[in-house]
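Step one of this worksheet: look at the structure below.
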Amino acid sequence: MKLDELLALSATQLTDERELAMSQGLDAPVDIPRAHHIGKAGSLHLYSCEVLPGSKIIADVPITLLPGNEMEATEGYFLGWLHGSLIIQTFDHVGLTLEHCTLIPDTSGFLETGAARLSAMATQPDSFTLGPAERLAPWLHPAPNSETTAARDNIPTTVLTTIWGDDRAIRWTKLTTLIVDQVKKNKRILLVAPDHETIDTLTGTVARALKMAALPHRSLLCRYELPLSKEAATMPIHELGYEAQMYHFYAKANAKKIALRKKYDRFRELTPILAYKRDKQKDLNEVKLLEWRLLTQLSDWQGKIKGIDKILADYEALPIWKRMSMQFAGKNIDTLAEYRVIYEGKIHGLMKEVEIAQVRIKELIPEATIPKDLRPEYDELKEDIVRLGGTKKIREMLGAGEGTNRQAFAQNKRIMATTPGRILTDPLFRKVPYDLLIVDDAPRIPTPLLLATSGLIRERIILSGNTNDLLTEDAAASVRWPHAFLNTLLSIAAQPTSAVS
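Its first residue numbered 3, the sequence shown is counted upward by one per residue in the working numbering.
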């Protein structure tokens, strides 16, 4: 069977499997009695979920998590199992411990996306690199006639190589030796295994081999998605995760931008505070001015009362002409007493207004007082903002290239380790070609996943696996052929995973 026919057949089979998935309840919500947050890298989070026995879910299937703690739902992927608990990866943090939440797998969406990918490979071959994949077709769909068998046996080893063996350690020694050699030749390698436990362990083994060869494994090797384990083959693989590496890379590359954003955010934070203080200082100045005016008027009225008291005290000693002039002006003894009462009333009213003003001053002083270090900090920030062109210019600078370029970062990695399920549905892998494909435990991977993975390869495919999985041609075909797709994925997902270190 030709490659385009095999692709079309696999796409059709996945579409049929989608109906089967819905009938088998693989899209049904899964009740989670309890979930724990167990890890984080960048913007991704790992949760361990306790589930009821018999729950069925396929690795790398998109999921929606309903936390049940008044937080919004988040999306992610199912990665594997750990001691009977489901390990999921989410895009948001929804709490350290979750009680009675719900997990909704999208198995039908996973199969639909895979079918669309295979259909695109069949109908738009120019958008993919299908040369080595054509060499893979006889292995995926062997025919019983001698002509096809002979053609398959004569495939050049430079295009398709197989490494079979019962001992995984021996196989992996051969693979790591091959990988180190190809990395030295500056080849880009896609490293694939059927489940996340295997790919974690294989990633650690490759990292150790690169380190032994004096190669910078942290910059060469990348584990797509979050590793389930923190350590594998004595190597700390959590720091090799794609999200963790990308987060640290862009954090370092954008250190100046981060510092500028902190300054800008601090300036924006201080601006309304100082504006409020300025308004309160203005109010304080106005109230103090009012107080001064009231006290001035109070002093004037008190002076008038003192003058009346002095006149009354000296009245008997005044000459007759002085008394007559006072009476002529309407200031005899009786009227002076009346004036004194009026002046005392004025003073009493002014005292009340002064008391009100002084209470308001006491309220405004702490509101208008600027902390000793706040003004110099603001002045320094303002000077930097003005020097860089103002807030509008800084917003443009911060907005430029705000999003991280995941494709460019992936292309800079020489070795990308992942599972075929992520390659099938993740749009990133459609845009990033590789020179070599290395597949461990290849007989356990169904045909659609191998086809989708091989469509990214430009030069060579290396298949590795246990000899026991290749005892009979029929047994190998039953695993690889699409009619066993869902059952095969369910069996892979049911494999026990190692403990998270």
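Where a beta carbon is used, it is the ideal one built from N, C-alpha and C, also for glycine. Because the structure is a prediction, the values reported are computed rather than measured.
If you check the CB distance, L439 and M123 do not come in under 9 Å. Judged by DSSP in its simplified three-state form, D33 adopts strand. Taking 9 Å as the cut-off, the beta carbon of Y436 is found no closer than this to the beta carbon of I464. In the three-state reduction of the DSSP assignment, A43 falls in the strand class. Residue environment analysis places V388 among the exposed positions, since fewer than 16 neighbouring C-beta atoms fall within 10 angstroms of its C-beta. Per DSSP, the continuous alpha helix (DSSP H) segment holding V208 begins and ends at 198 to 214. Rounded to whole angstroms, the separation of the alpha carbons of R280 and P274 is 10 Å. L132 places its beta carbon 9 Å or farther from that of T104. For K176, same chain residues with a beta-carbon under 6 Å away, outside a window of 5 residues either side, are I165 in chain order. With respect to S12, T449 sits close: the two C-beta atoms are nearer than 9 Å.
Spanning the alpha carbons of L28 and F80 requires a straight line of approximately 13 Å. Nearest C-alpha to P64 among L292, A30, I417: A30. Between V53 and V441, the gap from beta carbon to beta carbon reaches 9 Å or more. Spanning the alpha carbons of D94 and W83 requires a straight line of approximately 20 Å. Boundaries of the alpha helix (DSSP H) harbouring A23: 5 to 25, taken from the DSSP string. The Cβ atoms of R432 and P134 do not sit closer than 9 Å to each other.
Proximity to N188 across L222, A216, T179 peaks at L222, based on C-alpha coordinates. For the 9 Å CB-CB criterion, G423 and L451 form a contact. The Cβ atoms of L46 and E227 sit closer than 9 Å to each other.
A straight-line Cα-Cα distance of about 22 Å links E340 and I322. Just so you know, the alpha carbons of P378 and K284 end up roughly 20 Å apart.
Between the alpha carbons of G467 and I59 lies a distance of about 25 Å. Residue range 430 to 433 is occupied by the alpha helix (DSSP H) that includes F431. P127: not part of any beta strand (DSSP E); DSSP gives it neither H nor E.
A Cβ-Cβ separation of about 15 Å leaves L292 out of contact with A370 under the 8 Å criterion. DSSP places R190 in the coil class of the three-state scheme, outside both helix and strand. Of the residues assessed, T99 falls on the exposed side of the cut-off, its CB having fewer than 16 other CB atoms within 10 angstroms.
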